[in-house]
Amino acid sequence: MAAVSGVFVWEEERIQEEELQRSINEMKKLEEVSSIFQNSGVECHPPEPKSQTGGNEDSKDKEQPWEMVMDKKHFKLWRRPIVGTHLYQYRVFGTYTDVTPRQFFNVQLDTEYRKKWDALVIKLEVIERDAVSGSEVLHWVTHFPYPMYSRDYVYVRRYSVDQENNVMVLVSRAVDHPSVPESPDFVRVRSYESQMVIRPHKSFDENGFDYLLTYSDNPQTVFPRYCVSWMVSSGMPDFLEKLHTATLKAKNMEIKVKDYISVKPLEVSSEAKATVQSSERKSEGSCSPARIEYA
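The opening position of the sequence shown corresponds to residue 1 in the UniProt record's numbering, with each subsequent residue numbered one higher.
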């Protein structure tokens with residue numbers, strides 16, 4: 001990543017409109033699945049991904065099919081291998097009927113509130129914000145299951161609310177930033193992507209919505225693939241339920257949460273720069289029954 005006078009180069013790393021639209025298009029493909037929430041027991045799978053390069057490409061360049069991991073009435077989880085790696089990409093399609101889309105969306109974006117409801121957060125700060133696009137760079141440090149080191153993420157996120165088409169989207173992915181060099185205290189996660197699309201059943205301010213979360217990251221662990229897969233597939237439902245509970249709490253207790261839908265993000269000052277540090281990581285122990293957290 002390039003920098004000019006220590007300033008993040010937004011032209012290279014900011015999340016573009018096309019990325020937001022791709023997430024919305026994926027949601028449209030799966031909207032037909034929402035009908036199964038009214039008919040439990042009906043098996044349904046997401047559409048097979050189509051190749052972007054034609055029909056004669058090498059099989060190693062093709063996206064893999066989705067595999068159902070969890071199938072509940074209001075929550076469905078799939079995964080698929082990421083070609084050329086030992087990792088999986090995950091996809092969740094779910095619904096909530098007791099909170100509004102606005103409340104759920106705002107709770108995800110409010111970093112100060114997350115520090116209160118997410119006990120695994122060690123640090124979560126906005127490092128820089130682009131006034132033009134609304135993209136933000138964040139530094140997130142989170143506890144990982146013992147005996148693993150805590151992980152830290154530097155990622156850019158951008159959100160969009162389309163009032164006309166009744167949809168909202170939040171896209172995040174890992175980046176480098178000159179203000180946050182690696183620290184020997186944490187393992188830096190350099191491969192991370194997340195897309196959340198929310199489709200209200202009626203409006204942004206009425207209870208009920210469907211959501212699609214697509215997620216992948218490389219936690220930089222020596223654990224075997226099956227163990228990491230278990231932690232992720234267990235941790236994702238746990239995180240989403242904590243997010244849902246935090247939204248309910250904010251709603252019922254009228255906790256003040258910033259409304260990101262009505263107003264554009266304001267300029268904020270940069271956080272203090274971290275000290276330049278680097279260190280090789282020690283091998284980490286065997287799989288333990290704990291969960292991995294999500295941004």
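Where is the CB? At the ideal position from N, CA and C, for every residue including glycine.
Cβ neighbours of residue i in the same chain (closer than 7 Å, five flanking residues each side left out)
i           : result
V268        : Reliability fails at V268, whose pLDDT of 35 lies under 50, so the model's placement of it is uncertain and the value that follows must be treated cautiously. Once the five neighbours on either side are set aside, the close Cβ partners of V268 are V126, R129.
D110        : V257, K258
E17         : none
E19         : V171
H143        : L120, I122, S150
F204        : T100, P101, R102, I261
S23         : V169, V171, Q195, V197
residue 297 : Given that the chain is displayed from residue 1 to residue 295, the structure contains no residue 297 and the question cannot be resolved.
H45         : Only weak support is given to the placement of H45: the predicted model assigns it a pLDDT of 49, under 50, and the question is left unresolved by the model.
K115        : V121, L124
P81         : Q64, Y88
V141        : I122, K123, S150, D152, F186
K251        : V99, Q103
A174        : Y153, V154, Y155, V189, R190, S191, Y192
K72         : none
Buried or exposed (CB count within 10 angstroms, at least 16 for buried), residue i
i    : result
N165 : exposed
D185 : exposed
G94  : buried
N106 : buried
T100 : buried
P65  : exposed
S194 : buried
M253 : exposed
S40  : The predicted model places S40 with a pLDDT of 41, which falls under 50 and marks its position as unreliable, so this point remains unresolved.
V83  : exposed
K76  : buried
Y159 : buried
E280 : Confidence at E280 is low in this model, with a pLDDT of 34, below 50, so the placement of that residue is unreliable and no value is reported for it.
H74  : exposed
Y88  : buried
P145 : buried
P147 : exposed
Within 7 Å, strictly: CB atoms of residue i and residue j
i           : j    : result
V189        : D162 : no
S179        : V156 : no
I198        : Y211 : yes
Y153        : Y192 : yes
R79         : Y90  : yes
residue 298 : V132 : Since the first residue shown for the chain is 1 and the last is 295, residue 298 is missing from the structure and cannot be characterised.
T221        : F104 : no
L243        : V92  : no
Close-in-space but distant-in-sequence residues of the same chain around residue i (CB under 8 Å, 5 per side omitted)
i    : result
T245 : W117
G55  : Here G55 scores only 45 on pLDDT, less than 50, and its place in the model is too uncertain to base an answer on.
T85  : N218
K202 : G208
K249 : W117, I255
Beta bridge counterpart(s) of residue i as assigned by DSSP
i    : result
P81  : Y88
H139 : E125, V154
E193 : R173, S216
E67  : R79
M168 : V161, I198
D210 : T95, R199
K242 : The partner list for K242 (beta bridge, DSSP) is empty, contrary to what the question assumes.
R188 : D152
K72  : F75
beta-carbon residue i near the ligand ATP non-hydrogen atom, thresh 6 Å
i    : result
D152 : What this structure holds is no ligand at all, so the ligand ATP is not there to describe.
Close beta carbons around residue i, own chain, < 6 Å, minus the five adjacent residues each side
i    : result
E271 : Note that E271 scores a pLDDT of 36, beneath 50, so its modelled location is shaky and nothing firm can be said.
H139 : E125, I127, V154, V180
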